[in-house]
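> Please read through the structure below; I'll follow up with questions.
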Amino acid sequence: MEGVENELVRQRLEKQARIEAIDGVRYPNDFRMSGFVADAIAAAGDKDGPALEAEPIEVALAGRVMAINSFGKAAFVRVRDQSGTLQAYVKKDAVDEPTFERLKLTDIGDIVGVRGVLFRTRTGELTVQAREYRVLTKAQHPLPEKWHGLKDMEQRHRMRYVDLIVNEESREVFRTRTKVIQYIRKFLDDRGYMEVETPMMHSVLGGANARPFCTHHNALDMDLYLRIAPELYLKRLVVGGFDRVYEINRNFRNEGLSNRHNPEFTMIEFYQAYATYLDLMDLTEELFRGMAMSVRGTTTCQFRGQAIDLGPTFRRLSICDALREYCGYEEADFHDPGKSFARVLACGVAKAEAEHVWQKLGEVTPRDAALALGMLAFEHTVEPHLVQPTFVTDFPAVISPLSRRKDSDPTLVDRFELYIGTNEFGNAFSELNDPQDQEARFQGQMSAKAAGDAEAMEYDEDYVRALTFGLPPTAGEGLGVDRVVMLLTGCDNIRDVILFPLLRPEQ
RNA sequence: GGGCCCAUAGCUCAGCCGGUAGAGCAGCGGCCUUUUAAGCCGUUGGUCGCGAGUUCGAAUCUCGCUGGGCUCACCA
Numbered sequence: 095m096e097g098v099e100n101e102l103v104r105q106r107l108e109k110q111a112r113i114e115a116i117d118g119v120r121y122p123n124d125f126r127m128s129g130f131v132a133d134a135i136a137a138a139g140d141k142d143g144p145a146l147e148a149e150p151i152e153v154a155l156a157g158r159v160m161a162i163n164s165f166g167k168a169a170f171v172r173v174r175d176q177s178g179t180l181q182a183y184v185k186k187d188a189v190d191e192p193t194f195e196r197l198k199l200t201d202i203g204d205i206v207g208v209r210g211v212l213f214r215t216r217t218g219e220l221t222v223q224a225r226e227y228r229v230l231t232k233a234q235h236p237l238p239e240k241w242h243g244l245k246d247m248e249q250r251h252r253m254r255y256v257d258l259i260v261n262e263e264s265r266e267v268f269r270t271r272t273k274v275i276q277y278i279r280k281f282l283d284d285r286g287y288m289e290v291e292t293p294m295m296h297s298v299l300g301g302a303n304a305r306p307f308c309t310h311h312n313a314l315d316m317d318l319y320l321r322i323a324p325e326l327y328l329k330r331l332v333v334g335g336f337d338r339v340y341e342i343n344r345n346f347r348n349e350g351l352s353n354r355h356n357p358e359f360t361m362i363e364f365y366q367a368y369a370t371y372l373d374l375m376d377l378t379e380e381l382f383r384g385m386a387m388s389v390r391g392t393t394t395c396q397f398r399g400q401a402i403d404l405g406p407t408f409r410r411l412s413i414c415d416a417l418r419e420y421c422g423y424e425e426a427d428f429h430d431p432g433k434s435f436a437r438v439l440a441c442g443v444a445k446a447e448a449e450h451v452w453q454k455l456g457e458v459t460p461r462d463a464a465l466a467l468g469m470l471a472f473e474h475t476v477e478p479h480l481v482q483p484t485f486v487t488d489f490p491a492v493i494s495p496l497s498r499r500k501d502s503d504p505t506l507v508d509r510f511e512l513y514i515g516t517n518e519f520g521n522a523f524s525e526l527n528d529p530q531d532q533e534a535r536f537q538g539q540m541s542a543k544a545a546g547d548a549e550a551m552e553y554d555e556d557y558v559r560a561l562t563f564g565l566p567p568t569a570g571e572g573l574g575v576d577r578v579v580m581l582l583t584g585c586d587n588i589r590d591v592i593l594f595p596l597l598r599p600e601q
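The opening position of the first sequence corresponds to residue 95 in the working numbering, with each subsequent residue numbered one higher.
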């Protein structure tokens with residue numbers, strides 16, 4: 095940063111040296127806290143001043159100085175730890191000379207240790223009457239201003255540690271993030287799911303349609319991908335007899351950044367044998383409702399300027415019905431790529447984009463092409479309508495290479511995506527467990543790859559082999575955890591819910 | 001990657017119709033032993049993101065670069 099030449103830093107280094115001269119130690123680590131601030135507050139309960147005087151409670155607290163109100167011969171020092179904030183009162187005639195000197199050398203931002211008994215000020219505020227007061231760690235760099243905090247988004251992301259110190263809203267977002275993950279974990283644990291860990295370095299690309307990050311293992315002289323999804327490994331585990339598994343997984347996709355996309359992001363992916371995508375819809379509603387109630391105490395939330403209610407039963411809308419309702423599709427349009435193409439253009443999709451999508455499909459039937467093109471119209475025209483939670487169901491098989499075909503129509507699959515606030519939150523389907531069909535689907539992906547689809551999956555021979563040993567009828571789902579946190583915290587930018595989002599290097 | 005916008009003191013911002021910088025907070029000095037955005041008096045602090053150009057003169061106008069925000073595209 096601006097370096098030690100800065101005047102403010104120079105002053106603080108000077109104070110640090112003077113404290114060291116008093117204490118004989120520059121970074122002491124022998125202060126022992128009696129507990130957190132919250133414990134001290136709990137110990138005092140609602141006892142009034144006289145009660146605290148009658149039965150003194152001694153505490154030793156440590157934390158960061160957030161404010162100092164000084165009177166020259168006494169001062170209030172507001173100390174914050176992980177659990178909360180409590181002020182200490184240090185007065186000259188209640189402490190020895192070196193202690194009062196330490197107080198005078200304290201800056202906002204310093205880490206201090208305070209020992210003393212609890213009392214109440216004339217306004218009734220619980221306060222530690224300091225007997226011992228020490229500076230444990232000098233903050234050599236000043237903190238941002240106390241009531242505007244740190245506003246600059248770039249600074250907040252680059253120096254998250256400072257953001258967390260000064261912005262309570264930011265601390266709250268990440269506490270909520272932790273609660274969300276704890277809730278999901280407990281929710282699945284309670285239902286007999288087993289948490290597992292699968293490889294993040296893959297030699298075969300699969301489980302999603304996305305461009306990967308590449309890396310290299312030196313000793314094996316082997317190129318590897320950072321995983322884009324754990325799906326194929328999790329289903330291998332179901333083959334292995336772990337009927338219900340889940341992984342809270344970090345995935346890596348080599349795509350553009352946006353306020354909804356970070357190259358590494360967190361998903362919760364879970365699989366349940368002897369279930370279908372219909373079962374997962376019920377489970378998903380239950381999860382979202384319980385999570386919202388647990389984390390926020392209500393099923394309503396604000397997301398990207400929209401009022402969302404997770405309380406009512408989620409709407410269920412098939413792709414084809416959506417296209418009929420919002421894009422004017424008629425029966426013939428679902429079978430004739432030319433007609434579907436015309437509908438797509440009528441929806442306002444750029445011709446070049448539609449042609450590109452058509453072209454990179456590779457060798458497909460007219461029905462498949464018509465449906466795949468329809469997805470463009472869906473994304474362009476239907477998505478903006480999906481504000482309240484909606485399960486979009488029955489996707490085209492041609493774009494769903496791992497999903498089970500519908501018994502009633504093999505060109506469609508038993509799949510849903512969950513939309514909330516016009517954004518996709520999750521993706522689930524009954525798993526394709528027919529190894530011969532899976533082979534054919536991988537062939538289709540290879541065909542698409544050959545036709546120029548950079549995001550197509552690779553042919554995973556071992557996965558097909560696993561299927562030949564028998565994958566029970568299974569349903570699986572993935573949810574974007576970062577987006578769930580955005581929804582429940584009202585953050586519009588994914589970077590606000592990721593502690594250290596990817597940024598370009600400084601300078 | 002495309003479009004629009006932003007970058008001034010440690011932090012939050014003003015100045016932008018060109019005349020080489022201002023406030024609040026923080027800091028420093030003084031007064032103040034129950035404050036809580038404490039108060040009162042005084043005061044330090046800036047290669048105005050970087051680099052060119054126009055001009056007698058640029059924080060201000062122009063171009064380029066860097067970083068960021070919003071938005072579009074792909075995904076979750």
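Virtual Cβ for every residue (Gly too), placed ideally from N, Cα, C.
All of these numbers come straight from a predicted model, not from anything done at the bench.
#1: Let me know the beta strand (DSSP E) ranges lying completely inside the segment 162-249, each 3 residues or longer, listed in chain order.
#2: I need the straight-line Cα distance from Arg409 to Val486, nearest angstrom please.
#3: So, under 8 Å CB-CB, Phe125 and Ser177 are touching, yes? Tell me the CB distance rounded to an integer number of Å.
#4: Under the rule that 16 or more other beta-carbon atoms within 10 Å means buried, what is Thr562, buried or exposed?
#5: Take Thr516 as the anchor and find which of Val103, Glu477 and Asp508 has the nearest alpha-carbon.
#6: Report buried or exposed for Asp315, applying the criterion of at least 16 other Cβ atoms within 10 angstroms of its Cβ.
#7: Leaving aside the five residues before and after Ala369 along the sequence, list all residues of the same chain whose C-beta is less than 6 Å from its C-beta, in chain order.
#8: Suppose the cutoff is 6 Å on Cβ atoms and the five residues either side in sequence are ignored; what does the same chain contact list for Gly286 look like?
#9: On a CA-only basis, which of Asp317, Thr270, Glu447 and Ala436 is nearest Gly391? Give me that one, please.
#10: Comparing alpha-carbon positions, which option in Asp427, His474, Cys421 and Ala464 lies nearest Val443?
#11: Excluding five sequence neighbours on each side, which residues of the same chain lie with their C-beta closer than 7 Å to the C-beta of Ala401?
#12: Just to confirm the assignment, what range does the beta strand (DSSP E) spanning Arg410 have?
#13: How about Arg347 and Thr360: do their beta carbons lie closer than 7 Å?
#14: Do Ile322 and Val575 have their C-beta atoms within less than 7 Å of each other?
#15: Do you know how far the Cα of Tyr423 is from the Cα of Phe536?
#16: Hey, quick one: how far does the beta strand (DSSP E) through Lys364 stretch, first residue to last?
#17: Which residues in the same chain have their Cβ closer than 6 Å to the Cβ of Thr231, if we skip the five residues on either side of it in sequence?
#18: For Cys585, does the three-state DSSP call read helix, strand or coil?
#19: Are the Cβ atoms of Ala471 and Arg437 separated by less than 7 Å?
#20: In whole angstroms, what is the alpha-carbon distance linking Phe336 and Gly564?
#21: Taking 8 Å as the cut-off, does the segment 211-224 touch the segment 261-268 (at least 3 CB pairs, one atom from each stretch)?
#22: Which whole-angstrom value describes the C-beta separation of Ser497 and Leu526, a residue pair presumed to lie in contact below a C-beta threshold of 8 Å?
#23: Taking just the CA atoms, how far does Lys167 sit from Ala154?
#24: Apart from the five residues just before and just after Thr215, which ones in its own chain have a Cβ nearer than 6 Å to its Cβ?
#25: Which same chain residues, not among the five before or five after Pro118, have their C-beta less than 8 Å away from its C-beta?
#26: Take Asn521 as the anchor and find which of Asp317, His310 and Ala302 has the nearest alpha-carbon.
#27: Tell me, please, whether the segment 157-171 touches the segment 191-202 by the rule of three or more beta-carbon pairs shorter than 8 Å.
#28: Got a sec? Which residues, its chain only, sit under 8 Å from Cys585 by beta carbon, not counting five neighbours each side?
#29: Could you tell me which of Cys441, Ala463 and Ala440 sits nearest to Val451, measuring between CA atoms?
#30: Hey, which unbroken runs of the beta strand (DSSP E) at 3 residues or more fall wholly within the segment 481-529?
#31: For the alpha helix (DSSP H) that contains Phe397, what are its first and last residues?
#32: Is it the case that the Cβ atoms of Asp508 and Ile413 are separated by a distance below 7 Å?
#33: What would DSSP say about Pro595, mapped onto helix, strand or coil?
#34: Go through its chain and collect everything with a Cβ distance to Glu96's Cβ below 6 Å, but skip five positions before and after it.
#35: May I ask you to list the residues that DSSP assigns as paired with Val621?
#36: Here's the rule I'm using: 16 or more other beta-carbon atoms within 10 Å means buried, otherwise exposed. How should Leu465 be labelled?
Looking at the coordinates:
#1: 168-175, 178-185, 205-214 and 220-231
#2: 8 Å
#3: So it is not a contact: roughly 17 Å between Cβ atoms.
#4: exposed
#5: Glu477
#6: exposed
#7: Ala569
#8: Arg338
#9: Thr270
#10: His474
#11: Thr394
#12: Arg409 to Ser412
#13: no
#14: no
#15: 29 Å
#16: Checking the sequence, you will find Phe at residue 364 rather than Lys. Glu358 to Ala367 is the span of the beta strand (DSSP E), which, as asked, contains Phe364.
#17: Ile205
#18: coil
#19: yes
#20: 13 Å
#21: no
#22: 6 Å
#23: 22 Å
#24: Thr221
#25: It should be pointed out that residue 118 corresponds to Gly in this sequence rather than to Pro. Cβ within range, chain order: n/a, list empty.
#26: Ala302
#27: yes
#28: Val267, Val579 and Val591
#29: Ala463
#30: 484-487, 509-514 and 517-524
#31: From DSSP, Phe397 is part of no alpha helix (DSSP H) but of the beta strand (DSSP E) over Thr394 to Phe397.
#32: no
#33: coil
#34: With a pLDDT of only 40 at Glu96, under 50, the local geometry of the prediction cannot be trusted, and the value read off the model is given with reservation. Cβ neighbours of Glu96 beyond the five flanking positions: none.
#35: With the chain running from 95 to 601 in the structure shown, residue 621 is simply not present.
#36: buried
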